[in-house]
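Chains as they are written, first to last, in our numbering: chain A, 25 to 408; chain B, 25 to 408.
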């Protein structure tokens, strides 16, 4: 590629809107696509760049036939059409969705599952009807403990762990979470009608939980008087944890953990020695607010605060940056970022291996090369 | 073998006490031994003939050091020594213990797991302290839902499904079952001190449930306010079942199902044509009483009642027999037995494959050969 074609490309796209490098294919069928995290520019990820995590083919939903049923341990089961849902009072939530397997590619030893790097995560503005309002209308009966959300997507899983024949995607929420105001049945994503790949007509949005809880193509809500033990919370999306004085347990993955990711530099990036370089990234903390991000250049011995943008709020990530005076001496350099949340959680350096293939939230070192150069970094062409 | 040696053998052992053919080895280490079901003679299986199902090596328990602790969601945690438990008021229960994987060898297609035939089952008289009395002393707190029973046996399971490192055997009971009077902490088995292989010093005895619930070498009782999700009820000892309108669930194996087994004839036994032959066996039904056993000679089209011994009572099996006038024509013959319980359950002919490797309770056909013979059956040497 010539210098001329490069500048043409730059001219065609104003600052901050460079041609998008495209989603990374992690699986072709069903479609599992990753947001290239190094392309992070703004807090809201556009719909067409948002990561896609499917377990089954995207179901063909005919809007006029589709119904959402509300049943189980309730006084008054009922159903709603898409038009009826869209007419109900809606609320908006800005929320970061992270796949519970994001960053899995960094695990050693290697584990099974889609090999997500940094970009099975995104932040969007979701608008919809509070689940609490729907449950109130149905009348939750005494003794209810959970709410099962079932999607229209279905199929048979023939890899281990195998599914018991054809199953639908489904996950449950404990009742207190289900009736908290922030859980919504979203019909709108970043101001647009929910795209088919993101769950049209309705997707549950469960702020603060890993994305498997935000069930797409929602077709059924079932209130239960016993904890639900469906495939996606017993065979898949589980991890081992020791709680209190009990023997270790296999628990359904739930709340997100505090985590910072570095978008720039990318791994193996070559950076000019003895210059200024802006490190950038995002940090999120599930149900809590991100209160700080720190950077370490010495393997975690000392940490310097980064500039964290926006104001602390739960559920949504915060972008951050750090103005780095690069070393004068060429060579390899390890960068680390770690986040802290309002509950006092600090992103850990290590990981409990009992977590298996999920909840990969430990500090992820990035290795770059410092080289004596006169050329400026391309970052100078645009600002956050 | 000569006729002479046969009669010597018979002479040395009075009727009903023929030399015991020995337990069948299903696994050498840890020791997993099966009762040869064709040796069934009496309702109570002697301790030395009782099947043994171990997950880990038998723990070396020093009686003077051993303690049973009671803790968790209780008002007054406490511990008991072996001597203290033996001094408490005891109750007796006659109970059939069946391994949840009994009869697995008959499954097609073949499944993983120990290949038990008919004899991972036995009936014994257990004596011990009601768990309810122990829990009452500790004072169950409001909100308690389960009681976890933990054994002293432990190790790492390296076959799939792998354990998360070294674990102890543990299982939980729902609170209503745990506080029912019939669940006891047994110190005595058939009038003898509990043998080491059967859980010395204390084994929980959970009548009506498959044997994995009857935790051996009991060392800890933990009351919980959430359902317990330990290895032996999430990764192992589970099965798929559709309940109510919910998506299919992976449930912990629990209550035993109604089931009859034929002890005599054995599979492939040669039986004289046109003679009288006594078919014998046992039947059990978990938490319910066995009310009837029927025999079919025509593949399940018609059924004839068998003689069921003893009186109906829950938890314990009942022996049964059927006086069969064998066919005049030589050839292959299929025998079937099925049991019925007081709750109206009839042992089914087929099995839901979602049960995987557990709860093998469908009718098990036995194939024998009818042959023109003058010789009498060896059964004539003894009676039930």
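Just so it is clear, CB atoms sit at the ideal spot from N, CA and C, and this is done for glycine as well.
Task: Neighbourhood of residue 30 of chain B by C-beta, 8 Å cutoff - its chain only, sequence neighbours within 5 removed - done: Here the question's residue 30 of chain B lines up with position 6 in the second chain. Since pLDDT at residue 30 of chain B reaches only 38, below the 50 mark, its modelled position is unreliable, and no value is offered.
- [ ] Measure how close the beta-carbons of residue 301 of chain A and residue 264 of chain A come, nearest whole angstrom, since I'm counting them as under 8 Å.
- [x] Here residue 301 of chain A refers to the residue found at position 277 of the first chain. Here residue 264 of chain A refers to the residue found at position 240 of the first chain. That pair is no contact at about 40 Å.
TODO: Assign residue 368 of chain B to buried or exposed, taking buried as 16 or more other Cβ atoms, counted over all protein chains shown, within 10 Å of its Cβ.
DONE: Here residue 368 of chain B is taken as the residue at index 344 of the second chain, counted from 1. Classification for residue 368 of chain B: exposed.
Open item on the list: Quick check: residue 258 of chain A and residue 274 of chain B, are their CB atoms within less than 8 Å of each other?
Closed with: Position 234 of the first chain, counting from 1, holds the residue named residue 258 of chain A. Position 250 of the second chain, counting from 1, holds the residue named residue 274 of chain B. It is a contact, given that the beta carbons lie within the stated cut-off.
TODO: Compare the C-beta of residue 211 of chain A against all C-beta atoms of chain B and say whether one is closer than 8 Å.
DONE: Taking the first residue of the first chain as 1, we reach residue 211 of chain A at position 187. Output row for residue 211 of chain A: interface = no.
TODO: Find the residues of chain A that neighbour residue 102 of chain B, judging by a C-beta separation of less than 7 Å, and give them in chain order.
DONE: Taking the first residue of the second chain as position 1, residue 102 of chain B is located at position 78. Within 7 Å Cβ-Cβ: nothing; residue 102 of chain B doesn't reach chain A, min ~14 Å.
Task: Straight-line Cα distance separating residue 218 of chain A from residue 184 of chain A - done: By one-based count along the first chain, residue 184 of chain A stands at place 160. By one-based count along the first chain, residue 218 of chain A stands at place 194. Cα-Cα distance, rounded: 32 Å.
Open item on the list: I'd like to check one pair, residue 293 of chain B with residue 392 of chain B: are the Cβ atoms closer than 8 Å?
Closed with: Position 368 of the second chain, counted from the start, is the residue given in the question as residue 392 of chain B. Position 269 of the second chain, counted from the start, is the residue given in the question as residue 293 of chain B. It is a contact, given that the beta carbons lie within the stated cut-off.
Task: Boundaries (first-last residue) of the alpha helix (DSSP H) holding residue 412 of chain A - done: Residue 412 of chain A lies beyond the stretch modelled for chain A, which goes from 25 to 408, so this question has no answer here.
TODO: Answer with yes or no whether the minimum CB distance from residue 146 of chain B to chain A is below 8 Å.
DONE: The residue labelled residue 146 of chain B in the question sits at position 122 within the second chain. Under the Cβ distance rule, residue 146 of chain B does not count among the residues neighbouring chain A, no pair being separated by less than 8 Å.
Task: Own chain residues within Cβ distance below 8 Å of residue 73 of chain A, not counting five before or after - done: The residue labelled residue 73 of chain A in the question sits at position 49 within the first chain. Shown here for residue 73 of chain A: same chain residues with a beta carbon closer than 8 Å to its own, the five before and five after excluded, namely 44, 47, 59, 63, 146 in chain order.
Open item on the list: For the alpha helix (DSSP H) containing residue 202 of chain B, name the first residue and the last one.
Closed with: Taking the first residue of the second chain as position 1, residue 202 of chain B is located at position 178. Here the alpha helix (DSSP H) through residue 202 of chain B covers 199 to 202.
Task: Rounded Cβ spacing between residue 350 of chain B and residue 298 of chain B (contact assumed at less than 8 Å) - done: Indexing the second chain from 1 puts residue 350 of chain B at position 326. Indexing the second chain from 1 puts residue 298 of chain B at position 274. Between the beta-carbon of residue 350 of chain B and that of residue 298 of chain B there is about 6 Å, and that keeps the pair under the 8 Å contact cut.
Open item on the list: Cutting at 6 Å between CB atoms, please list the residues of its own chain near residue 282 of chain B, excluding the five before and the five after it.
Closed with: The sequence position of residue 282 of chain B within the second chain is 258, counting from 1. If we look at residue 282 of chain B and ignore the five residues flanking it on each side, its Cβ neighbours are 309, 363, 365, 369, 371.
Open item on the list: Just to check my reading of the structure: residue 284 of chain B and residue 120 of chain B have Cβ atoms closer than 8 Å, yes? What is that Cβ distance to the nearest angstrom?
Closed with: Here residue 284 of chain B is taken as the residue at index 260 of the second chain, counted from 1. Here residue 120 of chain B is taken as the residue at index 96 of the second chain, counted from 1. The Cβ separation is near 12 Å, so there is no contact.
Open item on the list: Using only the alpha-carbon positions, how far apart do residue 142 of chain B and residue 304 of chain B sit?
Closed with: The sequence position of residue 142 of chain B within the second chain is 118, counting from 1. The sequence position of residue 304 of chain B within the second chain is 280, counting from 1. For residue 142 of chain B and residue 304 of chain B, the distance between alpha carbons rounds to 14 Å.
TODO: Provide the residue span of the beta strand (DSSP E) that contains residue 229 of chain A, from first to last.
DONE: Locating residue 229 of chain A in the first chain gives position 205, where the first residue counts as 1. Note, residue 229 of chain A: beta strand (DSSP E), 227 to 229.
Task: Backbone secondary structure at residue 320 of chain B - three-state DSSP - done: Residue 320 of chain B sits at position 296 when you count from the first residue of the second chain. Secondary structure of residue 320 of chain B (DSSP, three-state): strand.
TODO: Quick one: list the residues of chain A neighbouring residue 254 of chain B, beta-carbon separation under 9 Å, in chain order.
DONE: Position 230 of the second chain, counted from the start, is the residue given in the question as residue 254 of chain B. For the C-beta of residue 254 of chain B, the chain A residues within less than 9 Å are, from N- to C-terminus, 270, 271, 272, 273, 274.
- [ ] Please name the residue, chosen from B:210, B:359, B:326, B:224, that lies closest to residue 116 of chain B on a Cα-to-Cα basis.
- [x] In the second chain, the residue the question calls residue 116 of chain B occupies position 92. With distances taken between Cα atoms, residue 116 of chain B lies closest to B:210.
Task: Cβ-Cβ distance between residue 169 of chain B and residue 248 of chain B below 8 Å - done: What you label residue 169 of chain B is simply residue 145 of the second chain in a count that begins at 1. What you label residue 248 of chain B is simply residue 224 of the second chain in a count that begins at 1. Judged by their CB atoms, residue 169 of chain B and residue 248 of chain B are nearer to each other than the 8 Å cut-off.
- [ ] Mind listing the chain A neighbours of residue 95 of chain B? Cutoff is C-beta to C-beta under 7 Å, in chain order.
- [x] Your numbering for residue 95 of chain B matches position 71 in the second chain. Result: 269.
- [ ] With residue 161 of chain B as the anchor, note down where its alpha helix (DSSP H) starts and where it stops.
- [x] If you number the second chain from 1, residue 161 of chain B lands on position 137. Residues 155 to 162.
Task: Sequence-distant residues of its chain with Cβ nearer than 6 Å to residue 126 of chain B (five each side left out) - done: Counting from 1 along the second chain, the entry for residue 126 of chain B is found at position 102. Excluding positions up to five away in sequence, the list reads 140, 144, 145.
Open item on the list: Assuming residue 256 of chain B and residue 178 of chain B are in contact, meaning their beta carbons sit under 8 Å apart, how far apart are those beta carbons, in whole angstroms?
Closed with: As a position in the second chain, residue 256 of chain B is number 232, starting the count at 1. As a position in the second chain, residue 178 of chain B is number 154, starting the count at 1. Incorrect: roughly 12 Å between the Cβ atoms, too far for contact.
- [ ] If I'm right that residue 208 of chain B touches residue 159 of chain B with Cβ under 8 Å, what's the distance once you round it to whole angstroms?
- [x] To locate residue 208 of chain B, count along the second chain from 1; it is residue 184. To locate residue 159 of chain B, count along the second chain from 1; it is residue 135. In this structure residue 208 of chain B is not in contact with residue 159 of chain B, their Cβ atoms being roughly 12 Å apart against a cut-off of 8 Å.
TODO: Give the interface partners of residue 188 of chain B over in chain A, defined as CB-CB distance under 7 Å, in chain order.
DONE: Position 164 of the second chain, counted from the first residue, corresponds to residue 188 of chain B. One finds 264, 272, 378 in chain A with Cβ atoms closer than 7 Å to the Cβ of residue 188 of chain B, taken in chain order.
Task: As assigned by DSSP and simplified to three states, the class of residue 106 of chain B - done: Taking the second chain and counting its residues from 1, the one referred to as residue 106 of chain B is at position 82. DSSP places residue 106 of chain B in helix when its eight states are reduced to three.
TODO: Please state whether DSSP places residue 369 of chain A in a helix, a strand or coil.
DONE: Taking the first chain and counting its residues from 1, the one referred to as residue 369 of chain A is at position 345. Looking at residue 369 of chain A - three-state DSSP - the assignment turns out to be coil, as it is neither helix nor strand.
Task: First through last residue of the alpha helix (DSSP H) which encompasses residue 257 of chain B - done: Position 233 of the second chain, counting from 1, holds the residue named residue 257 of chain B. In the DSSP assignment, residue 257 of chain B falls within the alpha helix (DSSP H) that extends over 255 to 258.
Task: Cβ-Cβ distance between residue 92 of chain A and residue 99 of chain A below 8 Å - done: Walking along the first chain from the start, residue 92 of chain A turns up at place 68. Walking along the first chain from the start, residue 99 of chain A turns up at place 75. No. Outside cutoff.
TODO: With DSSP collapsed to three states, give me the class of residue 30 of chain B.
DONE: Numbered from 1 along the second chain, position 6 holds the residue referred to as residue 30 of chain B. Any answer about residue 30 of chain B is weak, because its pLDDT of 38 lies below 50 and its placement is not dependable; what the coordinates show is given next. Secondary structure of residue 30 of chain B (DSSP, three-state): helix.
TODO: From the DSSP output, read off the bridge partner residues of residue 308 of chain B.
DONE: The sequence position of residue 308 of chain B within the second chain is 284, counting from 1. Listed as beta-bridge partners of residue 308 of chain B by DSSP are B:283.
Open item on the list: Under 7 Å, CB to CB, which of the residues in the region 177 to 201 of chain B have a partner in chain A?
Closed with: Listed by position along the chain: 188, 191, 192, 194.
Task: Identity of the residue in A:316, A:222, A:268, A:295 nearest residue 328 of chain A by Cα - done: Here the question's residue 328 of chain A lines up with position 304 in the first chain. Nearest of A:316, A:222, A:268, A:295 to residue 328 of chain A, Cα basis: A:316.
Open item on the list: On a Cα-Cα basis, can you pick out the residue from B:321, B:374, B:337 that is closest to residue 361 of chain B?
Closed with: Taking the second chain and counting its residues from 1, the one referred to as residue 361 of chain B is at position 337. The residue from B:321, B:374, B:337 with its alpha-carbon nearest to that of residue 361 of chain B is B:321.
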